[in-house]
Every structure is written in structure tokens, then in C-alpha cells.
């Protein structure tokens with residue numbers, strides 16, 4: 077184009093576009109108007125050129141939509157036509173694209189020959205290196221929780237089958253609490269709300285412990301002095317709390333759009349070894365977090381196989397004050413229902429009803445037996461269970477040397493009697509709720525049982541007190557005064573003390589050399605007793621030696637014989653503690669050491685005997701008297717010697733008729749022919765007996781008296 081024509085065209089372009097002199101000319105289609113600007117923004121994005129390699133080795137750059145392959149549609153064909161903006165006025169045609177750029181690409185040649193025809197020398201072969209480990213996948217960053225609601229959280233990986241529907245896996249990056257793949261032993265920790273207080277909650281599966289403490293700051297913080305903890309074994313159950321219909325006016329709750337909660341029913345310790353049912357509710361801001369806590373706690377509770385599921389309950393409606401049925405319905409049944417324990421209840425109608433039922437029923441379907449009543453009711457259930465076990469095992473109970481078979485079922489005691497000595501000595505209190513909670517959590521406590529024989533005939537089994545003389549006269553006289561109610565024991569005790577009878581006889585016993593300690597070491601039996609465990613091992617070793625034909629300890633040890641006149645002869649397998657005597661007759665007696673404490677009280681004055689009885693109610697040493705002897709034995713025998721009046725005078729005949737008069741004797745030694753044995757509240761008329769202790773023959777739903785019971789705060 078001539079120069080003049082070019083200048084004229086430029087001037088005409090400037091006039092059309094409105095651009096002043098000296099400005100760069102622009103096409104008419106790109107005038108800066110509102111419509112052209114909007115059309116320019118609506119124009120789709122044009123991708124960069126795509127290189128294409130041909131067979132000849134050349135590479136071309138094609139823009140998608142101009143004849144080249146489009147990667148957006150698999151490299152074939154052309155993309156759909158783009159919507160063009162409508163130009164304003166006359167639009168000049170778009171300038172053509174520049175020609176494709178051709179780049180030289182080396183051709184593929186066989187190995188050993190370069191692209192320029194030069195032969196390459198192969199290097200010597202090197203040993204193959206091990207493949208590097210695959211890189212660890214890095215999880216995407218997780219969303220941070222809202223401040224003030226959810227703190228740092230470490231979770232367990234619950235099983236896929238047990239995960240609730242719709243819940244996210246802890247390893248899922250979409251889960252709001254996921255911090256990575258956690259092992260099965262990792263603790264579960266988060267910040268929840270407890271009674272409108274922000275608390276850090278931790279669950280350690282390795283220690284089986286649930287803890288929570290106040291955490292006012294943004295993080296979990298360290299547990300302080302007000303931290304609360306409960307073992308998993310003392311959690312009754314875990315329930316999901318229904319928050320619908322509840323109104324929360326506190327400003328703290330307004331931070332949660334929709335709260336979710338779960339309640340933990342647990343055991344709380346109170347004073348004097350009492351247990352109480354308590355509950356604590358944890359509030360969660362996330363539904364998945366609430367389900368995770370519920371599922372984790374329930375899985376841990378399912379692993380506690382010692383808890384009973386189906387129980388056989390015997391209720392004595394006449395024992396104690398006649399409140400057995402009422403106590404069970406108000407204090408025990410709700411706890412069993414909460415723990416999902418099914419029961420079969422039998423209300424006894426006569427004496428030995430429970431014993432006869434245990435011989436007839438199919439007891440294999442039960443996880444334990446519960447008796448609601450006093451010591452007499454427990455003794456009846458004990459005889460029925462031990463007798464049924466020996467009958468099924470083919471053991472003759474009348475043989476004094478027979479090795480009795482332990483019973484697989486545990487016995488639970490709900491105290492509703494007058495004394496409740498067995499319950500008080502094994503739990504530390506005669507509270508019905510405490511005993512029910514021990515049954516719910518599935519505690520197990522082994523206990524010794526003594527068999528009492530006379531002339532190769534089984535008389536009874538004893539677990540607490542076997543008393544001759546003073547305690548035998550009390551139970552014998554009180555049985556004749558049942559019409560007096562519970563006052564009969566106090567009346568018979570006062571009458572027996574004033575009578576002050578002494579009895580002559582011979583006691584032969586076999587000392588217990590396998591036990592650790594003595595009756596006077598002032599080391600009582602407590603939960604997890606070391607003496608009971610060690611004594612059990614010693615007895616098992618002795619039995620193994622006897623099986624291999626070696627000499628048993630009973631053949632090597634020598635029996636000891638004690639003769640004289642006695643005011644009382646007591647044998648206790650436990651401390652025999654009760655509310656009136658917190659220390660019991662033998663404070664250091666052990667429940668499962670395979671031995672019994674034999675206490676001999678020789679004749680003495682009434683004043684000295686009263687001093688001995690008063691020691692049962694205080695912390696003094698009960699055996700620190702010259703007329704008291706105590707031994708720890710495995711077996712013992714007693715033979716009474718009837719008093720023979722060789723005086724034929726009138727004074728002697730009068731003394732024979734009136735045994736209470738003793739003009740020719742000191743006022744402290746009124747000897748009569750014989751007394752009776754008090755075997756756990758039952759009268760044994762035969763004075764000559766043979767007693768043998770069977771180590772840990774039965775088990776109770778108990779833990780033993782705990783040392784230094786913790787007092788937890790209410791939350």
C-alpha cells in the first residue's frame with residue numbers, strides 16, 4: 077500500500093475509534109464501551125498451545141480449536157464452538173494464527189547406537205539396587221475445630237462392622253476428629269462439656285481408665301487436683317442421652333448448634349466402704365464424636381467377661397426385720413435392670429427351701445446365685461451349692477479327708493438380716509446398694525469353707541464362726557426365745573455372761589505352716605491380699621508333692637494337744653466383723669489362706685472375761701491376756717469331758733440339782749457337763765467334732781475390704 081494510502085487509513089481509523097493523534101490504532105471491535113467490556117469478560121478461556129509430535133520427528137504447537145488435538149476431549153476432534161461477543165459497529169477479521177513451530181526431536185534408535193550414528197560403549201553391569209520404599213502418603217490438612225468447643229483429639233480405630241450407620245471412620249480425612257491412623261492402644265481424648273463446664277476427657281484403653289478434668293483454656297491442659305477418674309471395670313453401662321425437649325439458657329450452651337450427649341453410669345465411693353450409683357453426662361458438639369465415644373466405651377465393657385448376665389435370686393421374706401423383699405425391689409432390682417441383668421426370683425417359704433431348690437434346678441444356665449437375707453440365708457445357699465457341686469462331681473462329703481471340688485458359680489449377698497456378719501467381713505459394710513454394685517461389676521472373691529464332721533458324718537459347713545461354750549450357749553438359749561425378736565440375742569448374751577459356765581475338754585490341732593503371718597500380726601485381709609495368694613500357692617505345691625508319692629505336710633507336721641477348762645472355744649475363717657464389733661473376733665484372719673484362727677479362752681473371772689469382750693469393740697489387742705491363746709490351724713478336733721460329781725454329800729447333791737450354786741468353787745468356774753456348737757448361727761448338739769479347712773472352696777461377688785477408700789467429689 078502506498079504511504080499516502082496508509083496515512084489515510086490510519087487517520088480514518090483514528091476518527092472511527094476516537095483515539096487521538098499519536099495513539100496506537102485499535103480495531104473497531106474492541107472499543108471501550110460497556111457492552112464490549114461485558115462481552116470480553118464473557119469470552120471463554122483459551123488454553124495454551126499443545127505440542128504434537130509427528131512420525132517424522134517434528135513437533136508442532138497447535139492451539140485447541142484450530143485444527144489440532146484438544147486434550148479436553150481425549151485428543152481427538154475439535155472442541156465445541158465458542159460463543160463470541162457481538163462486536164459493536166464494523167469488525168475487522170481476526171488476524172490468522174502464526175504458522176506452527178517445528179522443533180527438531182531426536183529419533184528413537186536401538187540401544188548402543190546414538191542418534192548421530194556413533195556407537196556407544198555399554199558400562200559394566202552393576203548390581204541392582206533395592207527399590208526404595210514407597211513414600212508415606214500425606215493426609216490433607218484437617219479442618220480445625222471451632223474454638224472453645226472441641227480440643228485436640230486422639231482416637232481409636234473402631235471396627236468397621238461396629239461403626240454406626242452414617243458415621244465416618246477415624247482414619248477418613250473427612251472426619252472432623254481424624255488426626256491420622258491410630259493404633260488400637262492409642263488413647264481417646266477430646267474436650268467435652270460436663271455440667272456446663274468445659275472439661276478434657278481422656279480414655280486410656282491400656283490402663284482401662286476414664287478421666288476428666290476442667291479445662292478452661294483452649295487446649296486440654298494437665299489434670300489438676302479436681303480430676304475425676306473411674307476404671308472401666310466400675311462403669312455400669314453407657315447410654316445415649318436424648319437432648320430433645322431440653323432447654324439450655326446458659327450462654328455456654330449457645331456455642332453448640334445442636335448438642336449430642338452420652339451418659340456414663342458408674343460407681344462412686346462414699347464413706348465407710350459404701351458404694352453409690354452415680355452418673356455423669358458428657359456433651360459433644362459433633363454427632364460422629366458422640367457415636368465414637370459410645371462405641372469405644374461399649375466395646376471395652378463387652379470385653380469384661382466376668383460380669384453376670386443371668387442370676388438366680390433367693391429372697392427370705394422372714395429374715396431380719398422382714399424387709400428382704402422390699403429391699404430387693406427398691407435398691408437392687410433397678411441396678412440389675414440398668415446393667416441388663418436378667419433374674420429368676422424364688423421367694424423361700426420354709427427352712428431349707430433354697431437348699432432343696434439348688435439340688436433340683438438346672439444351675440448351669442446361671443452366672444451366679446444371689447441370696448437376700450441374713451447369715452442364715454447365706455448358709456442355706458452355701459450348703460445347697462457346695463452339696464450340689466460335690467454330688468455332680470461324685471465326691472463323698474461324709475469323708476473328712478475328701479478333697480472337695482470348688483463350685484463354678486459365685487454367690488452374692490444382699491444384706492437383709494439381723495447381723496450380716498459375712499457381708500460385713502467381705503465388703504466392709506452391710507449396705508444393700510453396695511453389695512448390689514459389687515454383683516453388677518462382677519467382682520470375685522475366693523473364700524475358705526470349713527467342714528464339720530462327727531463320726532465320719534458331715535454335720536455342716538462353716539464360713540464365719542464356729543463357737544463352743546459362751547457363743548454356743550447364746551445361740552442355744554436364743555433359739556428358745558424367738559418370740560422376743562432381735563432382742564433375744566441381747567437377753568441371751570447377758571444371761572450367759574452372768575451364768576459364767578466353763579467346760580472341760582481336749583483340743584487337738586494341726587498348725588498351718590503354709591501361711592504367711594500370724595493371728596497377732598495386725599495385718600488384716602484386704603482387697604488383693606498377698607497372704608491369701610501366697611498361701612494358695614503353697615497348698616497347691618503340697619498337693620503336687622502328695623500326688624507324686626512324696627511326703628505330705630500333714631504327715632510331717634505334728635499335732636498339738638491342749639487340755640483344760642474353757643469359757644469359750646472359737647474358730648473363725650474370717651474376722652467375723654459386724655456393726656457392733658468393727659474389728660471382729662479375729663481382726664487378722666484371712667478369707668482365702670486355707671487356715672482358721674483357733675481362739676481358746678481359759679477359765680477366768682467375770683471381770684477379766686468382760687475385759688476380753690470389750691476389746692472386740694475397740695482397737696486394742698484382743699489376745700493380750702494370759703488366759704487367751706490363739707493358733708492358726710488347718711485342722712482341729714475337740715472332745716468334751718463331762719463333769720463328774722464325786723461328792724455324795726447333801727451339798728454335792730444340791731449342787732447337782734442347782735448348777736448355778738458353787739459354794740465350794742470359786743465364783744468363776746461353774747462347770748457343767750457340755751455345751752453346744754454355734755455353727756454360723758445354727759446349733760450343733762454334738763460336742764465332739766472334727767473340723768477341716770478347704771482353701772478357697774467358694775467365690776463371692778465381692779472384692780474384699782478396700783484400703784483407704786477414696787472420696788470422690790460430686791460432678
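Residue numbers (this note's numbering): 77 to 791. Think of the CB as a built atom: it goes at the ideal place given N, C-alpha and C, for glycine as much as any other residue.
By Cβ distance below 8 angstroms, which residues in the same chain neighbour residue 284 in space, the five residues on each side in sequence not counted?
307, 308, 309 and 376
Evaluate residue 572 with the Cβ neighbour count: other Cβ atoms within 10 Å of its Cβ, from every protein chain shown; 16 or more gives buried, anything less gives exposed.
Result: buried.
Three-state class that DSSP yields for residue 754 in the structure shown
If DSSP states are grouped into helix, strand and coil, residue 754 belongs with the strands.
Mind checking which residues open and close the beta strand (DSSP E) that includes residue 673?
Here the beta strand (DSSP E) through residue 673 covers 672-678.
So the candidates are 616, 617, 549 and 566; which of them puts its Cα closest to the Cα of residue 755?
Nearest neighbour of residue 755 by Cα position, chosen from 616, 617, 549 and 566, turns out to be 549.
Kindly list the residues whose CB is nearer than 6 angstroms to the CB of residue 544, restricted to its own chain and excluding five residues on each side of it in sequence; keep chain order.
The residues are 645, 751 and 753.
Please work out which residues of its chain come closer than 8 angstroms, Cβ to Cβ, to residue 532, disregarding the five sequence neighbours upstream and downstream, and give them in chain order.
474, 475 and 476
Would residue 304 be called buried (16 or more neighbouring beta carbons within 10 Å of its own) or exposed?
So residue 304 ends up on the buried side.
Nearest-angstrom Cα separation, counted from residue 504 out to residue 313:
25 angstroms
My guess is that residue 706 and residue 699 are in contact by the Cβ rule of under 8 angstroms, so how many angstroms apart are they, rounded?
Indeed, because the Cβ distance is near 5 angstroms, the residues count as touching under 8 angstroms.
Whole beta strand (DSSP E) runs in the stretch 471-507 with 3 or more residues, listed along the chain?
486-491
Assuming residue 770 and residue 525 make a contact with CB atoms under 8 angstroms, what is their CB distance in whole Å?
5 angstroms
By a C-beta neighbour count over all protein chains shown, 10 Å radius and 16 as the cutoff for buried, is residue 757 buried or exposed?
It counts as buried.
Do residue 515 and residue 410 come within 8 angstroms of each other at the CB atom, strictly closer than that value?
no
Let me confirm a value: residue 438 is counted as buried when at least 16 other C-beta atoms fall within 10 Å, else exposed. Which label applies?
Residue 438 should be labelled exposed.
Three-state secondary structure (DSSP) at residue 309?
helix
Would you check if the distance between the CB atom of residue 508 and the CB atom of residue 675 is smaller than 8 angstroms?
no
Between which two residues does the beta strand (DSSP E) harbouring residue 579 extend?
577-587
Anyone know if the C-beta pair for residue 611 and residue 660 falls short of 8 angstroms?
One thing to note: residue 611 has its Cβ no nearer than 8 angstroms to the Cβ of residue 660.
Only counting the same chain, and skipping five residues up and downstream in sequence, which positions put a Cβ closer than 7 angstroms to that of residue 456?
428, 430 and 431
In three-state DSSP terms, what is residue 699?
coil
When you compare only the Cα positions, how much space is there between residue 654 and residue 269?
43 angstroms
Can you find the residues in the same chain that come closer than 6 angstroms, C-beta to C-beta, to residue 592, ignoring five residues on each side of it along the sequence?
So the qualifying residues of the chain are 607 and 610.
If you follow the alpha helix (DSSP H) that residue 620 is in, where does it begin and where does it stop?
606-623
Give me the residue from 511, 413 and 773 with the minimum Cα distance to residue 481.
773
If the criterion is Cβ atoms closer than 8 angstroms, does the pair residue 374 and residue 355 meet it?
no
Contacts around residue 587, its chain only, beta-carbon distance under 8 angstroms, and the 5 residues preceding and following it disregarded
633, 636, 707, 708, 709 and 710
Could you tell me the boundaries of the alpha helix (DSSP H) in which residue 467 lies?
451-469
Using only CA atoms, which one of 523, 714, 681 and 463 lies nearest to residue 498?
523
For residue 605 and residue 487, the rounded distance between their alpha carbons:
20 angstroms
If contacts are defined as beta-carbon pairs under 8 angstroms, then residue 652 and residue 542 qualify, I think. What distance do you get, rounded to the angstrom?
No, residue 652 and residue 542 are not in contact; Cβ-Cβ is about 10 angstroms, not under 8 angstroms.
DSSP three-state call for residue 720: helix, strand or coil?
For residue 720, the predicted model reports a pLDDT of 41, less than 50, meaning its position is unreliable and no value from the coordinates is stated.
Tell me, please, which residues DSSP counts as bridged to residue 768.
Bridge partners of residue 768: 527 and 711.
Go ahead and pull the three-state DSSP assignment for residue 19.
This structure cannot settle anything about residue 19, because the visible part of the chain is limited to 77 through 791.
According to DSSP, is residue 442 part of a helix, a strand, or is it coil?
coil
What would DSSP say about residue 541, mapped onto helix, strand or coil?
strand
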